[in-house]
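Per my numbering, the sequence shown starts with residue 731, numbered consecutively.
No residue lacks a Cβ here, since even glycine has one placed at the ideal position from N, Cα and C.
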Amino acid sequence: MIRAIPQTPPAALTLNRTMPPLARVLFSLGFVVVRWDERRRTRLGLSRLDPHLLRDIGLSQRAAEIEASKPFWQD
731 MIRAIPQTPP AALTLNRTMP PLARVLFSLG FVVVRWDERR RTRLGLSRLD
781 PHLLRDIGLS QRAAEIEASK PFWQD
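Spelled out as structure tokens, the structure:
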């Protein structure tokens, strides 16, 4: 099952200025780790798609290879 992770945190999860500084840092770090994991899993899944499925989503084989070869920390 693939879960969608938003690129920006929802309004309820935005960093509140009343949070202690360490909590803000840890929250930000956790959010970055979740985004990195999502990129890693998405790129792994993309690398496993058959050519006909890539055509269905409008990607060429080469474009999928380029995206899948990016490191998880690169947007």
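- Counting the other Cβ atoms within 10 Å of the Cβ of Ala794 gives 16 or more, which makes it buried.
- Within the same chain, and ignoring the five residues on either side of Leu779 in sequence, the residues whose Cβ sits closer than 7 Å to its Cβ are Ala794.
- It is roughly 19 Å from the alpha-carbon of Phe802 to the alpha-carbon of Phe757.
- When DSSP states are grouped into helix, strand and coil, Ser790 belongs to the coil group.
- Here Arg778 carries a coil assignment [DSSP, helix/strand/coil].
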